[in-house]
Structures are given as structure tokens and as C-alpha cells.
Amino acid sequence: MFFMLPIVHGNMSEFEPPPFDPHPFFRGGHLQTIAATREVSSDLLSPIQHVVSVSDGDSIVLHEDCPSDWVPGGRSILLVHGLSGCHSAPYMLRLAERFLKLGSRVFRMDMRGCGAARPLARNLAHAGRSDDVVSALDVIAAKSQEGPMLAIGVSLGAGQLLRAVGRIGCGVAIRPLWFERLERISVVAPPLDLRRCSVNMQRWSLRPYNYYFIRALLGSVPPGVHQRLEFQNAMSERRPRTLWELDDRITAPLSDFDGAEDYYEQSSACHVARFNPVPTLVLAAADDPIVPVGCFTDNPELWPQATRLFITNTGGHMGFLDRRRKCWIDEALLTWFSA
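Sequence positions in the sequence shown follow this note's numbering and run 3 to 341.
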């Protein structure tokens, strides 16, 4: 079952997610995390692609699915994937289908260098690319014709989304004209404190996760990044063995940060989350092996009145597989956006 921090956030105290009954054969954070990698297929989705220009000459791609009965003024929702993911990640397909069936216009985002945007980038996606999320919402705002907007971010994408609204809320970033139309958002397993998450990942017990992510990330480096001399020089040494080393040698210098420490400090959503004015649901698991639960609980001033935080006892990183072999987060998110 889930437990909730003893914090009541304003007028959203009436919201309760559906109960989570974990699958008996997928016990613990590691097995739940592995369960999240199950492949899914979709016959319902037939998206239209929109190439969106972002900074430094790069582009992201939005994959739009619009219900046949959608009318101007109807709801639109943005889905942002996690580290090493793309628009076709299992959770992206599941959520797109669920919201499409409910009549929402769905936009799945490929970060720069990911999915369909892979050949369109000379730079890397990273946690600080919150402006890319704003660029995606700019396009959705123009296409949705004054209709309400929603957004869901998962893992790395959750950090980008939360950082985007926090920066707007505190005045660091310009407040877009559409911002009042952003009715609700949700962030699932966001790596709030990048340094803490990276230090956590250096534990020997988590080396398999380092191997998995490093292999996936280096195997999908955009051709435009491969051509950069800085990348070639970084890869002339031995392969990075931890995500910290990857960020220090590749992510940070190729993204104009002064090493991993500087990247983590400048890009972590925890520094601006308290300024987020948008009604927000944060979902996390106490046994997430990648994002320590203390990131969510140690600072009582982290969450503003407009945010609801729910932490389940188990669920791993983006697993949340229930007794019916369904992903509980799908139902929790549908409940949140229907409240």
C-alpha cells in the first residue's frame, strides 16, 4: 500500500490515488524496476511528427495523436520520457493510449538526440534542458487554440518539467503567455538532486544500472555529437564506469558545464521546486534504487502548497507493477488529471 507524507497541500487535500497492491512475484525495488522494461505495442497510435527548433541549432520532435472528436478548446497533454528513452518507451505508449481514449490530444516528446530527434542534434539531452520542455509547450499552446494543457514527465523528463515550472515560478525564466492554461502536471520518479542520485549510483550494488545506462547512452549518441572533437577526445580514454564519470567526462564538458559537480548544481530541480505554482502530483517509491527517497522527504520546505507528494512503499524506479500485472502509475495519473 502507499503511504503519504503528513503534509496537506492547500485545496488539493481531497485527492487520493487508487490503492497500490504490488505484484507478489515482483518484490522489492530491483524487481519492480526490471518490470518497467516490459515491451508494449500499440495499434491505436498513428502520430504526426512536428520538428521543433530549440537552442544551439538543435531540434526536438513531438509525436501528436489527436482524437477524431477533439475540438478547439479541448485538452492537450505533453509526455516527456526518461534517461535513454524516447517516444516509443513502454510507459510513453501506455500513457498516450490511455489519454487518447479519454479524448485528450497527446504529444509525446523526443528530447534532443533521442528517438526521431537523434539525427537533428549536435548536443546532448540532459537534466538542465528544461527550456526544451518549454519549447514543446509553446508549440502545443499554439495548436491547442486556448484549450487547457497538461504535462507528465518521467524520470529525467520529470526533472526537466519540474525545473521548467519552478524557474518560471521564481522569475528566472520568462513566464509564457500560455502558463495559466497549464492546469496540472505530474512528475514520476524525478531525480531531484542530481548529485545525490549520482553518488548513490556509485554503490557497488548498483553497478549493473551504471552499465545498463552507460551502454544505452553511448550506443545512441547522435551522429552530430560523434563528429565533435570534444566527444572524440573524451572517448579516446577508457569507457566511463559510472554515471558520475560519464557526466564529468562527456555530459558536462559537451554542454558547457565545468564538470559533473557544476552540471548537477545548475541542473537539479530541487533548487526551484518550491517556486512551482502549478498543481502538481509527485509520484515516487521508497525502494527506488536510482533516486533515493530522501530526495523527496529530507527537506520539508521543498514542496509548495500546490504540490501533492505520494510515496509508495515499493515500486522501484518506474515499475509500480500491481497484482494484475498493470502499472499502477497509469491509474494514479488518470485519477489525478480527472480530479
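Yeah, the Cβ is synthetic: ideal placement off N, Cα and C, and Gly gets one too.
The structure displayed is predicted, hence computed values, not measured ones.
Around the beta carbon of His-228, fewer than 16 other beta carbons lie within 10 angstroms, which makes this residue exposed.
Contact annotation, Val-293 with Pro-193: C-beta distance approximately 5 Å; criterion of less than 8 Å satisfied. Burial state of Thr-309 is buried, judged by a 10 Å Cβ sphere holding 16 or more other Cβ atoms.
Unbroken beta strand (DSSP E) stretches of 3 residues or longer found wholly inside the stretch 117-184: 151-156, given in chain order. Under the criterion of beta carbons closer than 8 Å, Gly-105 and Gly-149 do not qualify as touching, at roughly 11 Å. Exclusion of the five residues before and after Gly-317 leaves Gln-34, Ala-287 as the residues of its chain whose Cβ lies within less than 6 Å of its Cβ.
Counting along the chain, Gln-268 sits inside the alpha helix (DSSP H) bounded by residues 261-269.
By the criterion of at least three beta-carbon pairs nearer than 8 Å, the stretch 170-182 is not in contact with the stretch 152-161. In the structure shown, the three-state DSSP call for Val-54 is strand.
His-65 is bridged by DSSP to Gln-51, Arg-110. Straight through space, the alpha carbons of Leu-81 and Cys-68 are spaced by roughly 14 Å. The C-alpha of Leu-152 lies about 20 Å from the C-alpha of Cys-329.
For Ser-200, the enclosing alpha helix (DSSP H) has its first and last residue at 196-202. The C-beta of Ala-119 has 16 or more other C-beta atoms within 10 Å across all chains shown, which makes the residue buried. Arg-107 has its alpha-carbon roughly 36 Å from the corresponding atom of Asn-212. Excluding residues up to 5 positions away in sequence, Thr-316 lie with their Cβ nearer than 8 Å to the Cβ of Arg-29 in the same chain.
Only residues of its own chain outside the window of five on either side were considered, and among them Ile-216, Pro-242 have a CB closer than 6 Å to the CB of Leu-248, listed in chain order.
Note that the C-beta distance between Leu-85 and Leu-335 is not below 9 Å.
The continuous alpha helix (DSSP H) containing Arg-217 extends over residues 209-221. Taking the Cβ atoms as the reference, Ser-61 lies roughly 7 Å from Arg-114, within the contact range of under 8 Å. For Ala-286, the enclosing beta strand (DSSP E) starts and ends at 282-287. Annotated three-state conformation of Leu-81 is strand, per DSSP. Counting of Cβ neighbours within 10 angstroms places Asp-112 among the buried residues, the total reaching 16 or more. Around the beta carbon of Ser-200, a 10 Å sphere encloses 16 or more other beta carbons of the protein chains shown; the residue is thus reported as buried.
Within the stretch 293-328, the beta strand (DSSP E) runs of at least 3 residues that lie entirely inside it are, in chain order, 309-314.
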